[in-house]
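Count the sequence shown with UniProt numbering and you get residues 1 to 349, in order. Shown next, in structure tokens, is the structure this report addresses.
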Amino acid sequence: MTSQQVSNDSSSSDPKHLAGVEPQGSVVHAPIVLSFNDMIRPLLGCVNKLRHLNSMQEDIKLPSIFKLGHLNIMQDGIQLPTIVVIGDQSSGNETKVYLEYNGKSIPTDEFHVAEAIILATNEIAGHGKGISNIPITLIVKKNGVPDLTMVDLPGIPTVPVHGNSTDTSEQISKIVMKYITPEESIIVNVLSATVDFSTCECFKMSKKVDKTGERTLVVVTKVDRAPEGLLEKVTTNDMNVGLGYVCVKNRIANESYEEALSEEARLFETHALLSKMDKSMVSTPVLAHKLMQIQANIISKCFLDIEKKINDKLAVNVAALNELPQHSGSVAEALATFTRIQSLAIECL
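Put into structure tokens, the structure is as follows:
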């Protein structure tokens with residue numbers, strides 16, 4: 001998870017939504033960064049070392065977070081390519097933003113990244129209603145930003161849209177399933193408080209690969225628009241969500257990060273219905289901290305399995321190495337080895 005993520009909410013078109021930085025350039029200490037520094041930097045350092053060792057090519061799976069959303073056709077356009085958001089630390093104060101796709105590296109900045117993503121999407125999937133499984137990698141290098149990864153998966157359409165191909169849902173479902181199927185994946189279902197949870201397609205898909213719900217977290221957005229009955233929805237847990245629910249208020253356009261947090265806190269403190277919710281289930285800081293805890297826990301568990309797989313592969317390779325002829329330290333040893341191999345070859349004939 002990263003504090004610089006591409007969101008599906010109404011403010012996602014605002015580039016400032018992508019970072020905890022005000023337009024003037026002053027750094028805002030986002031709660032997700034604070035949680036990151038306190039909890040899982042050592043764990044992620046180990047994960048990064050494993051990535052550099054190309055362990056994934058050896059069929060050793062590393063944990064990731066995947067954001068799975070329910071697509072509201074009336075409000076959102078279909079997000080065609082998968083967007084992979086990666087933050088990395090930079091030694092300087094300058095923010096560097098790049099988009100990488102199809103072998104290209106396109107420089108942009110944090111205030112124009114939304115437009116750059118749209119241009120990249122159009123180039124990959126076309127200007128119509130096309131769909132592509134080619135990922136757009138957004139690399140953010142900024143001092144103080146955690147080197148974390150989140151995959152923002154396409155929204156899942158539930159009703160046909162004019163201009164879309166007839167198999168749009170099937171194509172998107174294949175993309176989604178590719179990322180959420182591995183057991184190392186953490187699935188974040190993002191739902192609006194205005195919808196019926198039981199009918200959301202993203203719930204159905206996550207249940208296919210996570211029947212017990214042990215690696216699924218639900219984030220409920222737009223809570224100020226539909227507060228009635230929300231408390232019952234998230235406390236009864238009819239959907240069997242193992243990692244629980246977190247409710248947040250969306251940041252609106254032209255609202256600073258600090259203003260959004262302040263308004264959200266005020267809402268959950270003073271609203272007649274929302275104030276009754278347990279404080280461990282509401283607010284963006286709680287969500288940030290919860291994601292850190294979840295990722296730290298799953299990484300710790302994965303390390304035990306990763307260590308076993310590495311040791312198993314090491315044992316196999318060492319055994320294969322021991323079966324090879326010993327290294328010859330001199331010409332005489334090499335000649336003796338050659339003679340022995342030659343004799344064996346003659347015997348085989």
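Built from N, CA and C at the ideal position, the CB exists for glycine as well. All of these numbers come straight from a predicted model, not from anything done at the bench.
Between C46 and the set M177, V286, T270 and L304, the nearest pair of CA atoms involves L304. E307: member of the alpha helix (DSSP H) spanning T284 to N322, first to last residue. Within the model, the alpha-carbon separation for S328 versus V318 is close to 19 Å. Between V223 and L230 the beta-carbon gap is near 6 Å, inside 8 Å, which marks them as a contact. Listed as beta-bridge partners of V218 by DSSP are N189 and Y245.
Residue E201 holds the alpha-carbon nearest to the alpha-carbon of S192 among E201, S185 and E184.
For the pair M292 and C247, the CB atoms are not nearer than the 8 Å cut-off.
In the displayed model, V223 falls within coil according to three-state DSSP, outside both helix and strand. Taking 8 Å as the upper bound for CB-CB distance, T194 and A226 are in contact here, some 4 Å apart. Per DSSP, reduced to three states, the secondary structure at T181 is coil, with no helix or strand assignment.
Ranked by Cα distance from P42, the first of A265, Q295 and V220 is Q295. Annotation for F203: N189, F197 and M239 place their beta carbon closer than 7 Å to its own, counting only its chain and skipping 5 residues before and after. Counting the other CB atoms within 10 Å of its CB gives F268 a total of 16 or more, which places it among the buried residues.
Taking a C-beta distance under 8 Å as the contact criterion, L261 and T284 qualify as a contact pair. Beta-bridge annotation (DSSP): V97 is paired with T108 and V140.
In the DSSP assignment, E115 falls within the unbroken alpha helix (DSSP H) covering V113 to A125. Membership of E263 in the alpha helix (DSSP H) is indicated by the continuous run Y257 to T270.
DSSP, read as helix, strand or coil, puts I252 in coil. In summary, D210 is buried, with 16 or more beta-carbon neighbours lying within 10 Å of its beta-carbon over all protein chains present. Under the three-state reduction of DSSP, I156 is assigned to strand. In its own chain, leaving out the 5 sequence neighbours on each side, no residue places its CB closer than 8 Å to the CB of Q342.
The Cβ-Cβ distance between V113 and L138 falls below 8 Å. Using a Cβ distance threshold of 8 Å, R215 and S173 do not count as a contacting pair. C-alpha of Y245 to C-alpha of I298: approximately 18 Å in a straight line. DSSP places V331 inside the alpha helix (DSSP H), whose first and last residues are V331 to C348.
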